[in-house]
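Residue numbers (the numbering used here), protein chains in the order written: chain A, 107 to 453; chain B, 107 to 453.
Below is one structure, written out as C-alpha cells, with a few remarks after it.
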C-alpha cells in the first residue's frame with residue numbers, strides 16, 4: 107500500500123493536470139488504449155516538408171525497406187535541417203550506405219568513403235550551399251524558448267514546454283516542445299534577488315532535444331566541427347543522453363525503425379563494418395523530402411499533441427501502469443519512456 | 107563555464123569518493139581506457155555456476171552463435187535461478203527457440219508452444235522440482251540489504267550498496283550491489299522521530315535489479331503468477347524500468363548480445379513471430395551451466411568490482427566525458443548508462 111500511495115503522488119510531478127484523487131483512481135486503460143481513444147483534434151499533421159522518405163535496398167527475401175524520418179521544427183537544429191533537405195534535393199544521399207551498426211548505441215549512414223576507418227575509395231564531393239553551424243546551436247536558447255513563471259513575467263515566447271519533470275538523471279528538468287522530448291536548463295540567476303523574492307516562480311528555461319531511441323542526429327568530427335548532415339545516425343539502444351548538447355539532433359524515425367535496428371552489427375572499431383564486411387553495408391537507394399514526391403505518393407503522418415489532454419493521460423498512465431499485467435506502478439517515467447505517439451494516416 | 111561548473115559538482119552525487127577538485131580536473135581518459143588500466147585486484151571472478159552458455163543455431167552464413175548469460179548472486183531472485191539451473195540440467199531448454207523480438211523492448215525465448223499467441227502445437231511438460239516464488243521476491247528486502255547511517259546504526263547487512271545516486275527518474279535512488287545495477291527504496295519511517303533527530307542519516311534501504319539493456323528476466327502470466335524460468339527475455343532497447351519490481355530479473359547477457367538484439371522483429375502482437383513467420387524463430391540448440399562443462403571448455407569471466415577505486419573513476423568519467431569528442435559533460439548518468447564492465451579471461 108505504501109508503494110502504491112507513493113507512486114500515485116510521485117506521478118503528479120510528471121502530470122500536473124491530474125488531481126491526486128484522479129491519479130489514485132484505478133484506470134483499466136493501457137497507454138496504447140488511451141492513445142487509440144484520442145479525439146481527432148488532439149492529433150497534429152506533420153508537414154510533408156518535414157518528412158524524409160529513405161528507401162533501402164530490398165532485404166534478403168526481396169522485400170522493400172522504407173524508413174520515414176520526421177525532421178524537427180524550429181527552434182531546433184534548423185541549420186542542419188536546411189542542409190539535409192539540400193542533400194536530399196541534390197540526390198547526394200542516393201547510393202550511400204549504412205556503414206556502422208554498434209550494438210546498444212547507433213546505426214549510422216553516409217558516404218562509405220568519408221571519415222570511415224574502413225574506407226577503400228575517395229569521398230564524394232559535397233553540394234554547394236551548405237550552412238556551417240556553431241556548437242551554440244545544439245541548444246535552443248532563451249531567445250527562442252523562454253518560460254518564466256508568475257504574473258509579472260508571463261510566458262514570453264512560444265513554443266512552450268509541456269510536462270516539465272524535475273526528476274531527470276541528466277538535466278535539471280525534461281519536457282516536450284511541440285511534440286519533441288527535450289532536456290531543460292532552469293536558470294534563476296538572470297533575475298535580481300528582489301524580483302525572486304517577489305515572485306519565487308521566476309525562471310528562464312532553455313532546451314535541447316534528447317537522445318532517445320530512434321532519434322536521428324548528425325555525425326561530426328572533433329570540436330569545433332559540428333557536422334554538415336552528410337552523415338546521419340539513429341539511436342538503437344539505451345538513450346545515450348551524454349550526447350545531448352554535444353551533437354545536433356535533427357529528427358526521429360517514425361516508420362521502419364526495425365530496418366535500421368535489426369541490421370548485423372559491424373565488427374570494426376565503433377561498430378563500423380570492416381573492409382572484409384563491406385557486403386553487409388546496406389545500400390541506401392534514395393532519400394526524398396516527402397513534399398517533393400508526386401501528391402499521390404506523399405505519406406501523411408500525425409503526432410499526438412504534447413499539449414493535449416490525451417497526452418496528459420497517456421504520460422500519467424506510462425508512469426503508473428495499472429493495466430492488468432502490472433503489480434507495482436513505477437510512479438514516474440523518464441523522458442525516453444514517454445514516446446510521443448505518431449501515426450500514419452490515409453493520403 | 108556555468109554549465110561546466112554545474113556538471114562537475116553534480117557529478118559528486120554519483121561519485122562520492124572523488125573530491126570536488128579531482129572531479130573538476132580535466133582527465134584525458136575515456137571510460138574504456140580507465141577500465142583497461144584497472145589493476146587485476148579490481149576484477150572479480152564470476153563463478154562458473156553463475157554462467158549459462160546458450161548455443162543458437164548457426165547464422166545464415168553458417169557461423170556459430172553463442173550467448174553467455176551471467177546469473178545474479180544472492181540476495182536477488184535465487185528461487186528463479188534455482189529453476190533455471192534445473193531447466194538447463196534437465197536439458198529442457200534444448201530445442202526451444204526465440205519466439206518474440208519486439209523492437210525497442212525485448213527478445214524472448216522459450217517453448218514456442220507455451221503461452222504463445224502463435225502456437226501451433228502442444229507445450230512441453232515441465233521438469234520436477236521447480237520452485238514457486240512470490241511477488242515479494244522481486245525485491246531484496248531489508249532482511250538482506252539494510253544500510254543504515256550514522257554511528258549508532260552501522261551497516262548491519264552485507265552486501266552493501268555502492269554509488270548511491272538520488273537523481274533517478276524511477277526509484278528514490280539507484281546504486282550497485284555486488285556488480286549489479288539496482289533501484290533502491292529509502293525508508294526512514296521505520297525509525298522513531300527521536301532516533302531521527304539524534305541521527306539524521308538513518309535510513310533503511312531495500313533494493314531490486316533494474317531493467318537495463320541486456321538484462322535477462324523471467325516471462326510470466328498475469329499476477330499472481332511469477333513465472334518459472336521456462337520463458338526468458340532480454341532487454342534490446344531503452345531500459346523499460348516500469349518493469350522493475352513487476353518481473354523477476356535473473357541475470358544479464360555478457361557475451362553475444364548482438365545475436366539476440368539484431369534478430370528480425372516479429373510482426374505479430376507484442377513482436378511474436380506469426381505462424382507464417384515460424385521459420386524466423388531462431389532455434390536454441392543447447393543451454394548449459396558452465397560448471398557442468400568439461401574443465402577445458404568452461405568459459406571464464408570477471409567483472410569490475412563496483413566497490414573498487416577504478417569503478418569510482420569509471421562512473422565519474424561516464425558522467426563527465428572529457429575525452430576529446432565531448433564539449434559539454436552531462437554531469438550525471440543514469441544507472442543503465444553505467445554498464446558494469448565484464449571481460450572474458452583465458453581458461
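Heads up, the beta-carbon is just placed ideally off N, CA and C, and yes, glycines get one too.
Distance from residue 433(A) to residue 329(B) at the Cβ level is roughly 5 angstroms; contact confirmed, criterion being Cβ atoms closer than 8 angstroms.
For a Cβ distance threshold of 9 angstroms, residue set 165, 364, 368 of chain A lies close to residue 370(B), ordered along the chain.
The C-beta of residue 430(B) comes closer than 7 angstroms to at least one C-beta of chain A. Residue 269(B) carries a strand assignment under DSSP once its states are collapsed to helix, strand and coil. In the DSSP assignment, the residues bridged to residue 281(B) are 288(B).
A distance below 7 angstroms separates the beta carbons of residue 214(A) and residue 325(A).
In this model, residue 296(B) and residue 302(B) are separated by some 10 angstroms (Cα to Cα). DSSP places residue 355(B) in the strand class (E or B) of the three-state scheme. When the beta-carbon positions are compared, residue 408(A) and residue 451(A) come within less than 7 angstroms of each other. If you draw a straight line from the Cα of residue 241(B) to the Cα of residue 181(B), it is about 15 angstroms long.
Within chain A, the residues whose beta carbon sits less than 7 angstroms from that of residue 319(B) are 210, 343, 344, listed in sequence order. Beyond the five residues adjoining it in sequence on each side, residue 423(A) comes within less than 6 angstroms, by CB distance, of 137, 140 in the same chain, given in chain order. Taking C-beta separations shorter than 8 angstroms and ignoring five residues to either side along the sequence, the partners of residue 322(B) in its chain run 175, 338, 339, 340, 355, 356, 357, 358, 359, following chain order. Closest in alpha carbon position to residue 177(B), among 169(B), 187(B), 170(B), is 187(B). Counting only runs that start and end inside the region 179-260 of chain B, the beta strand (DSSP E) elements of at least 3 residues fall at 203-207, 212-216. Between the alpha carbons of residue 294(A) and residue 416(B) lies a gap of roughly 37 angstroms. Positions of the alpha helix (DSSP H) runs, each at least 4 residues long and wholly inside the region 330-399 of chain A, are given as 363-367 in order along the chain. Chain-ordered listing is empty here: chain A has no CB closer than 7 angstroms to the CB of residue 379(B), the nearest sitting near 13 angstroms. Using a Cβ distance threshold of 7 angstroms, residue 427(A) and residue 266(B) do not count as a contacting pair.
Going by C-alpha positions, residue 232(B) is about 21 angstroms away from residue 161(B).
A distance below 7 angstroms separates the beta carbons of residue 371(B) and residue 209(B). Contact annotation: in the region 433-452 of chain A, residues whose CB is within less than 9 angstroms of a CB in chain B are 433, 434, 435, 436, 437, 438, 439, 440, 441, 442, 443, 445. Counting along the chain, residue 294(B) sits inside no alpha helix (DSSP H), nor does DSSP assign it H or E at all.
When C-alpha distances from residue 327(A) are compared across 305(A), 353(A), 309(A), the shortest belongs to 353(A).
In the structure shown, residue 168(A) adopts coil according to DSSP, grouped into three states.
Residues of chain B with a Cβ closer than 8 angstroms to the Cβ of residue 276(A) are, in chain order, 436, 437, 438, 439, 440. Between residue 419(A) and residue 273(A), the gap from beta carbon to beta carbon reaches 7 angstroms or more. Closest option to residue 310(B), judged by alpha-carbon separation, among 317(B), 318(B), 290(B): 290(B). Relative to the Cα of residue 344(B), the nearest Cα in the group 399(B), 225(B), 401(B), 211(B) belongs to 211(B). DSSP, read as helix, strand or coil, puts residue 405(B) in coil.
Residue 155(B) holds the alpha-carbon nearest to the alpha-carbon of residue 393(B) among 425(B), 155(B), 147(B), 429(B). For residue 222(A), the nearest beta carbon of chain B is not closer than 7 angstroms to its own beta carbon. Inclusion of residue 440(B) and residue 275(A) in the CB contact set at 7 angstroms is warranted, their separation being smaller than that value. Between residue 398(A) and chain B, the shortest Cβ-Cβ separation is not below 7 angstroms. For residue 312(B), the closest of 376(B), 367(B), 244(B) by C-alpha to C-alpha distance is 244(B).
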